[in-house]
Structure formats: C-alpha cells, structure tokens
C-alpha cells in the first residue's frame, strides 16, 4: 500500500482601527488604518510505502511481517526518508491436542512482537534558517528578524518496541487474565536544545543524542462473577508497573541537561538537598553538606535523587445488572511520591495552613517549622528557600478515587421502536489519600483540580 499527503495551511493576522461605525467593525475594509501583522503559508508533504505478510499454520501458529518506508518534508536534505518494520508471532496453545478438550483452560495464547516506528510530529520548517516579519515600520519599510537556525542533520525520531504477552481464559472465559511485558526505547528525540543567550536564540530544534527506555508490566483480570437470568455481575481489574530511565547520553555532564538528568535514572526526577530537620541550637532548617566545604551550594550539595514517577497505578471496575437496572463504578488508584508546591509562607501577610503555628522555640525540638523572626532575617529566608528544594518537599500523594459511578434504569415500555432510559451519574465523588494540601492528582498552583460532578438525564431512542 501507499500513502500520499499534501497539506497546505494559510494564516493571516490583520488588525484595523478607526471604524466610522460599530456596525462596520467586522469589515476591515472600513477601517481608516489597517495592518497585516502576521501572514504565512505552510506546506507539509508526507508519503509512505508499506507491505505486510501474514502466515497462519493450522490456526495455531501465526507470523506477520510488516515493512514500510516513510518520507516527510519536515526534515533536512538526506534525512527525509527512513525505513521501519515489525515482526510478530503468536502461539494459540489452547488448540493443541493436549489442551483443546480441557474443561478448565478455555483459551491460551502466547504472543511476541518487535518493531520500529518513526515520529515527525514537530512542526514544519524546523530545520530551516527562517526569518519572520517584525511587523514594525522603520524608515517606511517593515523589517525582518531571524527566527530559526539551520540544522541540516535534523531527522526522524525512532522508537523500538518489544512486547511479550500471555492471554489465558478459564472456565469458558469466565475468568480471563492477560499479562504483558514491554520495553520501548526511543532515540534521536525531537526536542528544543537550549542555547546560550549570546546566540540570539533560546533553543534550536535538533535530535537529542540520547536513548530513553520505558519498560514495565501490565496486568488485566476480567471475571464474570455471576451470570444469571435476571442478575449479572462482571469485574475488571488492571494494574500497570512502569519505569523509564536514561540509558545513554554522550557528554551529558558537559551539556545543558547536566542538572536535569542522570544516567540510569528516570527522566522525571528531582535533584534535592538532604533535609536534616531543625537545628536545636539556632532553630533553623539544616541540610547535609555532602562535599564538607562548610556551605550548602548547588550543585555540589544538591545530589539526592527523588523519583517522581508513579510506582504503580490501575483501576477496578464493576458492572452489575438486575433486570432493567444497571450499576457501574470505577475506582482509580495511584502510588506515587511528588514534589509539593509550598503552601505555607510564615512571616508574610497571606492565608496560612494551621500547621505553621507549630514553629520552633526553645524546648519545642519536635516542631515542624523553623524559628519565627521579627523582621527580615537573611539566614531564615535562605533556609526556607533551601527547604523547598530539599527532600522535605517530597510527599506521598498516593490516592484511591471513585472516578465514575452511574446508575440507570430502562423503562419497560411496550413500544418496540422506542426505548427510554433514566440515568444518574457521578464523577470524582470520593477520594482516599493521606495528602492534606488539596487534590493529590493536581498539586501545582494555577490548575483546577478534578471537579465533583453529578449529572442526571433521560435518553430516548427511536
């Protein structure tokens, strides 16, 4: 097969002032002064050729091969085309003579696959040295300004995916279990590489010479608990355990990412100071001086690694049917540590959580917060800033949440062509967590946490 795509996008940003009437305000031709501030035409071309071979032996052994060649106009000369492929195999072992008459095992399948894919989702003309209009008149002319640096080596981001899975069904599939292990490795990531301010550009689009691995396990268990004439009950449970880490990054310590990543560690980490509690002599926060130079400095003492990725997450869903009644509910759970935005600002005129009253004073060495000062105290301010960058800012934000619940009733109408259903639904109604400072899923200022929503309705089907 083949794919050909030619996409053209045109955008104009135009303004006008001096309209003689409000009724003409949507007609730019009626403005006494009009300006075109932004105008561009973007062309994106993509093409691909692909093929696939499937082989089936005795309805038990399966092999498929896929190959493709993709081309994109978003990359530089010599890098526009790349080859990708995949191979997959499966063994339906429940059809083997030894097992096909088993009363216990109703389905069994072992499958594995390996493949490579590419990514070009980075916008157009990212490898060009482009100029844009300033939109400003100077000596009767509108000027130009450089907007992007030339990068002839800009090419495809590549992803290598390996998966092995076992699917099993028991007791006529009343119990169905799936376990899958996966390993995805991405390289040549399409990112903006930070540049020094002296270049005149903040970033340059390029392929990051690094390899990142995402690996883990995924489990799914579906059970048909009861299947009677009037009452049915099914349960689905899923669990994911995933981890990513930086496998390779040449010259990391001399790059602009040296304070963000560590080889062998996840990408979503925080480098922190080691918090030691409150000094019983001064009443100030204290931290571990890792290099023993008598000072707490970055990056010398900011070496503690905190992994902020979820340890595991999943959900439990149930559906119960009794005659015309239907009840469904989903519980979501996450096990995770995260860095908490500071919620307390002792010494400032702002709303404070009640716990800030537990400040240090002589004899109260178990206090949660350092000594309060009269007026500005540079040492206390510095210590408070370091605490917000230390292990003291990491908290357990694990939670269990009733994500969705719905109850519906199908009205017993005698009309064959008309159905009427009455529904009551709720979202985020219950959350169980040890975290006290707001919602454990959204802990950053400026973000609206998940709302508790209750809706009801009637659905008519003709």
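Numbering (the numbering used here), first residue to last: 6 to 467. For each residue, glycine too, the CB sits at the ideal point set by N, CA and C. Since we're looking at a predicted model, the values are computed, not measured.
- Task: Would you check if there are 3 or more beta carbon pairs closer than 8 Å linking the segment 275-282 to the segment 395-413?
- Result: yes
- Mind checking who residue 46 pairs with in its DSSP beta bridge? On the chain shown, residue 46 is found 41 positions in, with the first residue counted as 1. Note: residue 46 sits in a beta bridge opposite 15.
- Item | For residue 346 and residue 449, the rounded distance between their alpha carbons | Against the chain shown, residue 449 aligns to sequence position 444. Against the chain shown, residue 346 aligns to sequence position 341. Those two C-alpha atoms are separated by around 6 Å.
- Nearest-angstrom Cβ-Cβ length linking residue 248 and residue 314, presumed shorter than 8 Å: Counted from its first residue, the chain shown places residue 248 at position 243. Counted from its first residue, the chain shown places residue 314 at position 309. With a Cβ gap of about 7 Å, residue 248 and residue 314 count as contacting.
- Query: Got a sec? Which residues, its chain only, sit under 7 Å from residue 272 by beta carbon, not counting five neighbours each side?
  - Reply: Counting from one through the chain shown, the residue named residue 272 turns up at place 267. Closer than 7 Å at Cβ, skipping near neighbours: 217, 249, 251 and 266.
- Delimiting residues of the beta strand (DSSP E) encompassing residue 391: Numbered from 1 along the chain shown, position 386 holds the residue referred to as residue 391. Note, residue 391: premise wrong, no beta strand (DSSP E); alpha helix (DSSP H) at 383-392.
- Beta-carbon proximity list for residue 167, same chain, < 6 Å, skipping 5 on both sides: Within the chain shown, numbered from 1, the residue matching residue 167 stands at position 162. The answer, listed in chain order, is 119 and 188.
- State buried or exposed for residue 87, treating a residue as buried only when at least 16 other CB atoms are found within 10 Å of its CB. For the purposes of this step, residue 87 is identified with residue 82 of the chain shown, where counting begins at 1. Answer is buried; the Cβ neighbour count reaches 16.
- Task: Inspect the beta-carbon positions of residue 90 and residue 104 and report whether they are closer than 8 Å.
- Result: Position 85 of the chain shown holds residue 90. Position 99 of the chain shown holds residue 104. The answer is no: Cβ separation not under 8 Å.
- Item | Buried or exposed by the 16-neighbour rule on C-beta atoms within 10 Å, applied to residue 125 | Your numbering for residue 125 matches position 120 in the chain shown. So residue 125 ends up on the buried side.
- So, do the segment 399-416 and the segment 324-344 have three or more beta carbon pairs nearer to each other than 8 Å? yes
- Message: In the DSSP assignment, the beta strand (DSSP E) including residue 400 goes from what residue to what residue?
- Response: Stepping through the chain shown from its first residue, residue 400 is reached at position 395. It spans 399-401 - the beta strand (DSSP E) in which residue 400 sits, taken as one unbroken run.
- Assign residue 57 to buried or exposed, taking buried as 16 or more other Cβ atoms, counted over all protein chains shown, within 10 Å of its Cβ. As a position in the chain shown, residue 57 is number 52, starting the count at 1. Exposed is the call here.
- Look at residue 77 and residue 51 and say whether their C-beta atoms are less than 8 Å apart. Taking the chain shown and counting its residues from 1, the one referred to as residue 77 is at position 72. Taking the chain shown and counting its residues from 1, the one referred to as residue 51 is at position 46. Cβ distance < 8 Å, so residue 77 and residue 51 count as in contact.
- Item | Contacts around residue 173, its chain only, beta-carbon distance under 6 Å, and the 5 residues preceding and following it disregarded | For this step, residue 173 is matched to residue 168 along the chain shown. Cβ neighbours of residue 173 beyond the five flanking positions: 113 and 182.
- Taking buried to mean at least 16 other C-beta atoms within 10 Å of its own C-beta, is residue 403 buried or exposed? As a first step, residue 403 must be located in the chain shown, where it is residue number 398. Label assigned to residue 403: buried.
- Query: Does the beta-carbon of residue 288 have 16 or more other beta-carbons within 10 angstroms, so that it is buried, or is it exposed?
  - Reply: Locating residue 288 in the chain shown gives position 283, where the first residue counts as 1. The residue in question, residue 288, is buried, as its Cβ has 16 or more Cβ neighbours within 10 Å.
- Task: Mind reading off the beta-carbon distance from residue 322 to residue 241? Whole number of angstroms is fine, and I expect it under 8 Å.
- Result: Along the chain shown, read from residue 1 onward, the residue named residue 322 stands at position 317. Along the chain shown, read from residue 1 onward, the residue named residue 241 stands at position 236. Right, their Cβ atoms sit about 5 Å apart.
- Near residue 430, which residues of its chain fall below 6 Å by C-beta distance, leaving aside the five closest residues on each side in sequence? Looking up residue 430 in the chain shown gives position 425. So the qualifying residues of the chain are 411 and 460.
- Please confirm if residue 42 has its CB atom under 8 Å from at least one CB of chain B. As a matter of chain content, chain B is missing from the structure shown, which is built from one protein chain.
- Compute the distance between the beta-carbons of residue 198 and residue 215, then report whether it is under 8 Å. Working through the chain shown from its first residue, we reach residue 198 at position 193. Working through the chain shown from its first residue, we reach residue 215 at position 210. Not in contact: residue 198 and residue 215 (Cβ atoms no closer than 8 Å).
- Message: Residues in the same chain with beta-carbon distance under 6 Å from residue 93, minus the five sequence neighbours each way, listed in chain order, please.
- Response: For this step, residue 93 is matched to residue 88 along the chain shown. Counting only Cβ-Cβ distances below 6 Å, and skipping sequence neighbours, we find 69 and 118.
- Item | For residue 107, the nearest candidate out of 406, 175, 285 and 83 (CA to CA) | Indexing the chain shown from 1 puts residue 107 at position 102. Checked all of 406, 175, 285 and 83; the closest Cα to residue 107 is 175.
- Taking C-alpha atoms, which residue in 409, 151 and 48 lies nearest to residue 207? Stepping through the chain shown from its first residue, residue 207 is reached at position 202. Closest by alpha carbon: 151.
- Roughly how far, in whole angstroms, is the beta-carbon of residue 443 from the beta-carbon of residue 454, given that I think they are within contact range, below 8 Å? The residue given as residue 443 occupies position 438 in the chain shown. The residue given as residue 454 occupies position 449 in the chain shown. Going by Cβ atoms, the distance from residue 443 to residue 454 rounds to 6 Å, so yes, they are a contact pair.
- Inter-stretch contact (C-beta, 8 Å, three-pair minimum) for the segment 221-231 and the segment 298-316: no
- Please go through the same chain and pick out, in chain order, the residues whose beta-carbon is closer than 6 Å to the beta-carbon of residue 13, but skip the five residues on each side of it. Translated into the one-based positions of the chain shown, residue 13 becomes position 8. Cβ within range, chain order: 48.
- Beta-carbon separation of residue 408 and residue 337 under 8 Å? For the purposes of this step, residue 408 is identified with residue 403 of the chain shown, where counting begins at 1. For the purposes of this step, residue 337 is identified with residue 332 of the chain shown, where counting begins at 1. The answer is yes: Cβ separation under 8 Å.
- Task: Verify whether the separation of the beta carbon atoms of residue 372 and residue 295 is less than 8 Å.
- Result: On the chain shown, residue 372 is found 367 positions in, with the first residue counted as 1. On the chain shown, residue 295 is found 290 positions in, with the first residue counted as 1. For residue 372 and residue 295, no; Cβs fall outside 8 Å.
- Residue environment, residue 131, which counts as buried when at least 16 other CB atoms sit within 10 Å: As a first step, residue 131 is located in the chain shown; it is residue number 126 there, counting from the start. It is buried - the Cβ of residue 131 has at least 16 other Cβ atoms within 10 Å.
- Comparing alpha-carbon positions, which option in 65, 285 and 270 lies nearest residue 312? Indexing the chain shown from 1 puts residue 312 at position 307. Nearest option by C-alpha distance: 270.
- Can you check whether the CB of residue 100 is closer than 8 Å to the CB of residue 153? Indexing the chain shown from 1 puts residue 153 at position 148. Indexing the chain shown from 1 puts residue 100 at position 95. Cβ distance not < 8 Å, so residue 153 and residue 100 don't count as in contact.
- Message: As a quick exercise: from 370, 435 and 246, pick the residue whose alpha carbon is nearest that of residue 334.
- Response: Your numbering for residue 334 matches position 329 in the chain shown. That would be 435, whose Cα lies nearest to the Cα of residue 334.
- Supposed contact pair residue 80 and residue 160 - C-beta distance, whole angstroms, cut 8 Å: Along the chain shown, one-based indexing puts residue 160 at 155. Along the chain shown, one-based indexing puts residue 80 at 75. Indeed they touch by this definition, with Cβ atoms about 5 Å apart.
- Item | Nearest-angstrom Cα separation, counted from residue 317 out to residue 18 | Working through the chain shown from its first residue, we reach residue 18 at position 13. Working through the chain shown from its first residue, we reach residue 317 at position 312. About 47 Å.
- Three-state secondary structure (DSSP) of residue 267: Within the chain shown, the letter at position 262 stands for residue 267. Three-state DSSP puts residue 267 in coil, outside helix and strand.
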